[in-house]
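Worksheet: the structure to be examined is printed underneath.
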Amino acid sequence: MSKTVNYDSIVLRTVSRLMMPLLLLLSVFMLIRGHNLPGGGFIGGLVASSAIIMQMIAFGPTYARDVIRVNYLTLASIGILIAVVWSMPALFFGMPFMAAFWMSAPIPGVGTMGTPVAFDVGVFLTVIAVTTKIALLLSEEPDLFPLDMEDDEEPEAGAPRV
Amino acid sequence: MANHLFLPLISPMLASALALLFARDKTRMVARVIVLASIIFNLIYSIWLLWVVGNEGIQVTQGAGWEAPFGVTLVADGASALMLCVATLLMLVTVSYSFASLDPGYENFFYYPLLLLLLLGVSGAFLTGDIFNLYVWFEILLLASFGLMTLGGSRPQLEGGLKYVVLNLFGSTAFLVACGLIYGTVGSLNMAHVAERMSSVTNPGIVTVIACLFFFAYGGKAAILPLFFWLPTSYHTPPVAVTAIFSGLLTKVGAYSLYRVLGLVLQDELIRLAPFVLAVAGLTMVVGVFGAMAQMNVRRILSFHIISQIGYSLMGLGLASAIGLAAGLLFTAHVMIVKTALFFIGGAAEQVYGTGDLKKMGGIARREPLLSIFWFLGILSLAGIPPMSGFFGKLALLQAGINQGALLISVVAAFTGILTFFSMLKIWNEVFWKKSYGDMSKLPRVTPGLLWPGAILVIISFALGIGAGGLVDYSQMAGAQLFDRAAYISSVCGSNGCEAVVDLALR
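Structure (structure tokens):
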């Protein structure tokens, strides 16, 4: 934690550190309850990415990148793959695309599982990846926020110079 | 239920996610194979769909099995199947041109995923049976095209891209407002349901407003007369392959949406607005071709011709009859192929010279005879000289125009054809025929990879001209389906109509 930012605030840092596990748990809760109640993959993904973005505001983008150590583009495309693949099973049984299959009995503590839950997991991952990536790219833009940047940032960020 | 209608949407979505995973230097070949496999699958599927729709009539499916006016409806009639097939063919050729012409900086970036998302948006727009879903598909294809247009980030690209984005956002806003007005007026956005309820609207004034808003929204995207200025300022800036696929798909999706929404859903209003549409069509033709005459850059000239050709597609709509729509569809399918071919061939010449400026080019006819022959056949087709496909496209439009007594627009259309040919001859003279001022022996040769995409499209245009009978029959079937509201409603919602389904659900 050698990185300091020019809008340093002890309150924001403490609160965001305490909030992060809560928000991440809440996002998973939102994801699982979202089929019959308000919530779902999209909302859950936004909550999770807001947890990461809060770290970014409090500690700077370099620290926020360590919260989930993945390439966000890869995460987004894996999310899309999961969503598409799990909306397809109905096609193999002669039913329309995205028709749902549910388990007959609920799993204790989690609820009834089915293909829409798996589809939502894909949406969840995609939303986390895309929103976080956009926020990180914006905050790493040196003209907007003059922060000290390390050289080993992802080389593919930004448009190709051709 | 034709559940397979979702396949042409699933395949590009899966492939674009996979291509994104493999978009780096070491795995570039894997990404190429994935992209090619997905597009070839779509092409085979859309040819099969063409055949199925021709034999069995309109195909319908409902997402997740929700009944028609409530759920996500996909409908494939003759017009959708024809457009889907041509669009996928163009995408296949564009991808193979990209393999030969683009540098790795593009290929390792978002290029292929964006192309596939463009195909996804275009296919969705052709297949959807719901006005709001049409809006969503439009947004998908526009976002992909924004990315493709500015990928590379050079100054002229960003400048052209800005104009392109701003005007398209205006169009999208008008589209959204029109969707809201339709929903507020008839309480549904399913095309079949809206068409059914349109007859019982008590306030006909609001329907005219809606129709004009749609005309503005799609017209801006199709580049009709007062709204075309974004097109020639932006289309020559991205790489050739991108310009070619844009010319083949983007404006034509606008034209198709005009056909679908005005020709099918708001048909009574179209018949009322027909003289206005015809006037805009005629002006678009003439202004486009005159604009082309003033230009001295290969791709700018071709861009102005896109506008001129959109006038012909609009003429088919303005005739407001099944025959007119059929002729317009036939012409649009032909011009998609030929225009893209000309962009590829002109682009290959441009790539060799390193510039698109007519004054600096010359002498290609002696150096690249094959390229020149295909260019000449291409401009014959665009101008409408037999036996190329352009002749039959224009012939059908002129026949329909004269049969319906729309003599003025028919004369303008014929006259514009001649002007088009002259304007194309200018490129022929400057780029291909005249002697080169500089030393040409140091310039690179046109590789087969740059030659054959354009050549194959010209050959297809020639084949469509030779076998025009089948295509004319198909387009007439498609035009009749497009204009027949009762048949559309009964195929989407069942023989009792959408209202019966709603009553049953509410009971």
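Going down the list, the protein sequences come from chains P and U.
Read in full-length UniProt numbering, the first sequence has 89 at position 89, and its numbers run on one by one without any break.
Read in full-length UniProt numbering, the second sequence has 195 at position 195, and its numbers run on one by one without any break.
Ideal placement from N, C-alpha and C gives every residue a C-beta, glycine not left out.
Quiz item: Are the C-beta of M98/P and some C-beta of chain U separated by less than 7 Å?
Solution: Judged by the 7 Å Cβ criterion, M98/P is in contact with chain U.
Quiz item: Three or more C-beta pairs closer than 8 Å, one from the region 210-220 of chain U and one from the region 266-274 of chain U: is that the case here?
Solution: yes
Quiz prompt | Below-7 Å beta-carbon distance, Q59/U vs any chain P residue | solution = no
Quiz item: Going along the chain, which unbroken runs of the alpha helix (DSSP H) with 4 or more residues stay wholly within the region 327-406 of chain U?
Solution: 364-367, 369-383, 389-403
Exercise. Go through its chain and collect everything with a Cβ distance to D130/U's Cβ below 6 Å, but skip five positions before and after it.
Key: T73, L189, N190
Quiz item: What residues from chain P crowd round A125/U, counting only those whose CB sits closer than 9 Å?
Solution: Correct list: empty, because the minimum Cβ distance to chain P is about 17 Å.
Self-check item: Cβ of L21/U within 7 Å of any chain P Cβ
Solution: yes
Quiz item: Can you name the start and end residues of the beta strand (DSSP E) that V60/U belongs to?
Solution: 59-62
Practice problem: Return the residue from the list S389/U, A414/U, F391/U, G390/U that minimises the CA-CA distance to G401/U. | Solution: A414/U
Exercise. Using a Cβ-Cβ cut-off of less than 9 Å, list which residues of the region 35-57 of chain U approach chain P; keep chain order.
Key: none
Quiz item: If you draw a straight line from the C-alpha of M149/P to the C-alpha of G40/P, how long is it?
Solution: In this prediction, M149/P has a pLDDT of 47, which is less than 50 and means its spatial position is unreliable; what the coordinates show is noted afterwards. Those two C-alpha atoms are separated by around 36 Å.
Practice problem: Rounded to whole angstroms, what's the CA-CA distance from P238/U to L266/U? Just pull it up for me. | Solution: 36 Å
Quiz prompt | Nearest-angstrom Cα separation, counted from P69/U out to E196/U | solution = Taking the straight line joining both Cα atoms gives about 11 Å.
Practice problem: Check the C-beta distance from L450/U over to S101/U and give it rounded, since I have them as a contact under 8 Å. | Solution: L450/U to S101/U, Cβ: 6 Å. Contact.
Practice problem: In angstroms with no decimal places, state the Cα-to-Cα distance between L43/U and L317/U. | Solution: Distance between the alpha carbons of L43/U and L317/U: 27 Å.
Quiz item: For the 8 Å Cβ check, are there 3 or more pairs between the region 72-87 of chain U and the region 127-147 of chain U?
Solution: yes
Quiz item: Among L127/U, Y97/U, L319/U, F146/U, which has the Cα closest to the Cα of L118/U?
Solution: F146/U
Practice problem: Would you list, in chain order, the members of the region 5-16 of chain U that have their beta-carbon closer than 7 Å to a beta-carbon of chain P? | Solution: F6, I10, M13, L14
Self-check item: First and last residue of the uninterrupted beta strand (DSSP E) at V75/U
Solution: Looking at the DSSP string, the run of the beta strand (DSSP E) that includes V75/U is 73-76.
Practice problem: For I80/P, return the contacting residues in chain U, with the cut-off set at a CB-CB distance below 9 Å. | Solution: Those within 9 Å of I80/P in chain U are M13, L14, S16, A17, L20.
Exercise. Excluding the 5 residues preceding and the 5 following S46/U in the sequence, name in chain order all residues of the same chain whose CB lies nearer than 6 Å to its CB.
Key: L84, C85, T88
Quiz item: Would you report the Cα separation of F175/U and L12/P, rounded to the nearest angstrom?
Solution: 43 Å
Quiz item: How about the region 158-178 of chain U and the region 281-292 of chain U: do they share at least three Cβ pairs that are nearer than 8 Å?
Solution: no
Exercise. May I ask you to list, following chain order, the residues of the region 62-85 of chain U that have a beta carbon less than 7 Å from some beta carbon of chain P?
Key: Q62, G63, A64, G65
Quiz prompt | First and last residue of the uninterrupted alpha helix (DSSP H) at residue 524/U | solution = Nothing can be reported for residue 524/U, as the shown portion of chain U is limited to 1 through 507.
Quiz item: With DSSP run on the structure shown, which of helix, strand or coil describes N42/U?
Solution: Collapsing the DSSP output to three states places N42/U in a helix.
Quiz item: Could you give the residue range of the alpha helix (DSSP H) that holds I310/U?
Solution: 298-318
Self-check item: Unbroken alpha helix (DSSP H) run spanning W452/U, endpoints
Solution: From DSSP, the alpha helix (DSSP H) with W452/U extends over 448-466.
Quiz item: Which residue spans inside the region 147-233 of chain U form an unbroken alpha helix (DSSP H) run of at least 4?
Solution: For the region 147-233 of chain U, whole alpha helix (DSSP H) runs of length 4 or above, ordered along the chain, are 155-186, 191-198, 204-222.
Quiz prompt | Endpoints, alpha helix (DSSP H) assigned at residue 511/U | solution = Chain U is shown from 1 up to 507; residue 511/U falls before or after that span and cannot be answered.
Practice problem: Starting from the Cα of R299/U, find the closest Cα among A341/U, E499/U, I310/U, T185/U and give me that residue. | Solution: A341/U
Quiz item: What did DSSP end up calling G497/U once you bin it into helix, strand or coil?
Solution: coil
Practice problem: Give the secondary structure of G39/P by DSSP, where H, G and I count as helix, E and B as strand, and everything else as coil. | Solution: coil
Exercise. Give the residues from the region 170-193 of chain U that approach chain P closer than 7 Å (Cβ to any Cβ), ordered along the chain.
Key: none
Quiz item: Just by C-beta distance, which residues in the region 56-83 of chain P are closer than 7 Å to chain U?
Solution: L73, T74, S77, I80, L81
Practice problem: Would you mind telling me which residues of chain U sit closer than 9 Å to L24/P, beta carbon to beta carbon, in chain order? | Solution: Per Cβ cutoff of 9 Å: no residues; L24/P is ~24 Å from chain U at best.
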